[in-house]
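When we follow the numbering used here, the leftmost residue of the sequence shown carries the number 146, and every step to the right adds one.
Beta carbons: idealized from backbone N, C-alpha and C, even for Gly.
Here is the structure we will look at.
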Amino acid sequence: MNNITDPRSLQIGQTLRIPKPQALEKAEVVASWYGQYHHGRPMANGEPFDMHGPTIAHKEIPLGTRVLLKNPATGEQATATVTDRGPYIKGRDVDLSYQLAQQLSLDKQGVGNLIMQVL
């Protein structure tokens, strides 16, 4: 897209186009949540983590990307923004803020399956 073969060749003022991530098919993900211990600590985007905000951590989806999450067992859904990296526990794909875990009825069980789609 940018025809850049050597990133050292970037110049100040040069326009760099970063493509929007392609929308995922409705992918099933294993989700967990994080809350009080991390509340106020810096996230990968440099902002303090807000356990009461609509935020998620994902290992690969670009920071700032909005996603739609749906609990297939309850039909509940929520939108969120990727603001952090993780989770770092094998077998988990996404970490939710406490608020999202409550909205999607995962706060009591801690871990569960969701359908996630990049918006």
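Between which residues of its own chain and Arg108 is the CB-CB distance below 8 Å, once the five residues before and five after are set aside?
With the chain represented from 146 up to 264, any question about residue 108 goes unanswered, as that position is not in the structure.
Just how far apart, CA to CA, sit Ala218 and Gln159?
Computed Cα separation, rounded: 48 Å.
What does Met261 pair with, by DSSP beta-bridge criteria?
According to DSSP, which records beta bridges pairwise, Met261 is partnered with Ala172, Leu214.
Could you give the C-beta distance for Asp240 and Phe194, rounded to a whole number, given that I count them as a contact under 8 Å?
Incorrect: roughly 10 Å between the Cβ atoms, too far for contact.
In or out: Ala172 buried (at least 16 other Cβ within 10 Å) or exposed?
So Ala172 counts as exposed.
If I measure Cβ to Cβ from Gly231 and keep anything under 6 Å in the same chain, skipping five residues before and after, which residues do I get?
So the qualifying residues of the chain are Ala202, Asp240.
Is there a Cβ from chain C that is less than 8 Å from the Cβ of Tyr243?
The structure shown contains no chain C; it holds only a single protein chain.
Along the chain, where does the alpha helix (DSSP H) containing Ala246 start, and where does it finish?
Unbroken alpha helix (DSSP H) run through Ala246: 243-248.
Ile201 bridges to which residues according to DSSP?
Note: Ile201 sits in a beta bridge opposite Val227, Leu241.
Taking all protein chains shown into account, do 16 or more other C-beta atoms lie within 10 angstroms of the C-beta of Thr200, making it buried, or fewer, making it exposed?
Flag for Thr200 reads buried.
From Gln254, Tyr233, Lys204, Gly209, pick the residue whose C-alpha is nearest to that of Thr224; which is it?
Ranking Gln254, Tyr233, Lys204, Gly209 by Cα distance to Thr224 puts Gly209 first.
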